[in-house]
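Numbering (my numbering), first residue to last: 1064 to 1489.
A short worksheet on the structure shown next.
Next comes the structure, spelled out in C-alpha cells:
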C-alpha cells in the first residue's frame, strides 16, 4: 500500500540566528501478503465428484486472484469458480494421492499458497453376476415346460443364454430370456434333461447354473369300440363288430365279458368279431357285453354293446348267417368276402354287406353273398371289419361279421451302381 509523502516544514529565521533541524520522513509500512486457507484433506471413491473450496484474506489490501493447480497425482480436469474447484476423482486400481495448491495474489503482487490432498480409493475388484436356473421339475412327456431363472449383478446383465447340456435335444423358445419354454419330448422311460442358464455382465464376467427336468412317459390307453347296438330275434345268429387301436405300442389282449342278460356263448371271446346264437327268451330282453383291450404297458380300456333280443315266436326262426373266416392280406391286394345265409322255415329275402370299422374301402356288390374290395395302401397294419346281414321272408334279421387284417408291404430300395467302365492299369 502506498502512502503520500509529508510536506516539508519551512521556517523563517532571523538573520544571524541558527535554523532548527529538519523533521525526518517516516518509512512506508511493509506490504503484508494475503493469507490462504485450504480445506482439509478428503477421501473419495474412484469416479466420485469432489469439490474443494478455499479462501484468502488480505489485511492491508485486497485479494485480486485465487487459482487452484494440481501438483501431484494423475491429472484431472479442474472446473474453477473463485476459490471453489470441482473435479472427478480418476478411476484407479490402487490407492492414489492427489495434491492441489491454492494460490492467492493481492493488489501489491504478494502471494500466498496452501495445499490440500484428495485420497482416491481404488476401484473394487469386479464381482461376477449370479445365475439361478430355478428348481428341478418333473413333467409329463409332450407337455409345455416353463423355465424360470434369475440373474443379479453389481452392474448390468448384458447377456442371457439357456442351453440343454444333457439329455434329448429340445427347441428352447426365448433362450435369450430368463423365462424360456419348450415341449417335453416323447420318451419311453423316465428321462432327465439338464438345462443350463449362463449370464454375462457389463464387465465381461459370467456365471452359470443348471436345473434338471425329469420327463415321465405317459401311457396312452387303447381306443376301444364294442360296435353298434343291435336288435335281433330269438335264435338269430349275432355277429359283433368291435374295433381297438393303440398309438403308443401294441394291444396284447382282447377279452369279451357278459355283463347282463341270459347267458350266451361267444365262439371266439378273444377276437374283435365273435359271434353267438341269440337265446329264445319268453319276453324281450337285453344282453350287455363288454370288450376290454389291454396294451403292452398294462393300460386297459373298455366299451359295451347292447344286443336286444325279441321274444320267441312259435313258427318263426330267423335266418342263419356266416360272414366267412377272418383273413390276412397284403396292402393293395384284391380281397373277396364270401358269406352264407339260410332260413329253415322260409326264405332269405335280402342280404347286405356293410363296413363297420377300419380305413374305408369300396365294396363291389353289397347286396350279394359274395363281395370284394381293394385293400388300401397303409403305413401300419390295420383291421377292417365287415358285417353281413340277412333278412328272411318273415322280417327276421340275423348278422355276422368278419375281420380282414391288412399288412403294409416293405418295398426294397432301388440301387443303381452306374455305367460299367473298363479298368485302367497304373
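All C-beta atoms in this analysis are idealised placements derived from N, C-alpha and C, irrespective of residue type, glycine included.
Please read these numbers as outputs of a predicted model, since none were measured by experiment.
| Check | Outcome |
| --- | --- |
| DSSP three-state assignment for residue 1158, whether helix, strand or coil | coil |
| Cβ-Cβ distance between residue 1162 and residue 1197 below 9 Å | no |
| Simplified DSSP assignment, three categories, for residue 1092 | coil |
| Residue 1212 vs residue 1256 beta-carbon contact at 9 Å | no |
| C-beta atoms of residue 1258 and residue 1234 nearer than 9 Å | no |
| Beta carbon of residue 1249 nearer than 9 Å to that of residue 1275 | no |
| contact_flag[the segment 1178–1193, the segment 1148–1168] where n(CB pairs < 8 Å) is 3 or more | yes |
| Exposure of residue 1450, with buried meaning 16 or more beta-carbon neighbours within 10 Å | buried |
| Which listed residue (1445, 1383, 1287) has its alpha carbon closest to that of residue 1392 | 1445 |
| Any beta strand (DSSP E) of 3 or more consecutive residues that is wholly inside the segment 1132–1181 | 1142–1144, 1147–1151, 1159–1169 |
| Whole-angstrom distance between residue 1090 and residue 1071, CA atom to CA atom | With a pLDDT of 39 at residue 1071, under the threshold of 50, the predicted position of this residue should be treated as unreliable, though the coordinate-derived value follows. Roughly 15 Å between the two C-alpha positions. |
| Residue 1373 vs residue 1294 beta-carbon contact at 9 Å | yes |
| For residue 1368 and residue 1472, the rounded distance between their alpha carbons | 34 Å |
| Cα-Cα separation between residue 1463 and residue 1318, rounded to whole angstroms | 19 Å |
| Residue 1320 vs residue 1352 beta-carbon contact at 9 Å | yes |
| Residue 1191 - DSSP class collapsed to helix/strand/coil | coil |
| Residues near residue 1147 in its chain [Cβ-Cβ closer than 6 Å; skip 5 each side] | 1116 |
| Buried or exposed by the 16-neighbour rule on C-beta atoms within 10 Å, applied to residue 1186 | exposed |
| Inter-residue Cα distance where the pair is residue 1128 and residue 1152 | 25 Å |
| Environment of residue 1350 [buried if 16+ CB atoms lie within 10 Å] | buried |
| Bridge partners - residue 1291, DSSP secondary structure assignment | Bridge partners of residue 1291: none, in fact. |
| Paired residues, beta bridge with residue 1229 - DSSP | 1257 |
| Cβ contact (3+ pairs, closer than 8 Å) linking the segment 1353–1363 and the segment 1414–1423 | no |
| Residue 1134 burial status per 10 Å Cβ neighbour count (16 or more: buried) | exposed |
| Nearest to residue 1421 (by Cα), restricted to the options 1260, 1466, 1341 | 1466 |
| Reduced DSSP category for residue 1271 - H, G, I as helix; E, B as strand; rest coil | strand |
| Which listed residue (1313, 1347, 1299) has its alpha carbon closest to that of residue 1338 | 1299 |
| Coarse secondary structure for residue 1393, derived from DSSP in three states | strand |
| Terminal residues of the beta strand (DSSP E) in which residue 1470 lies | 1460–1470 |
| Residue 1165 beta carbon less than 9 Å from that of residue 1214 | no |
| Three-state secondary structure assigned by DSSP to residue 1364 | strand |
| Residue interval of the beta strand (DSSP E) (run including residue 1242) | Segment: none, residue 1242 is in no beta strand (DSSP E) and carries neither H nor E. |
| Beta-bridge partners of residue 1371, as assigned by DSSP | 1294, 1349 |
| Cβ separation of residue 1223 and residue 1265, assumed to be a contact under 8 Å, to the nearest whole Å | The Cβ separation is near 13 Å, so there is no contact. |
| Contact check, residue 1305 vs residue 1348, beta carbons under 9 Å | no |
| Residue 1096, buried or exposed, once every other Cβ within 10 Å from all chains shown has been counted against 16 | buried |
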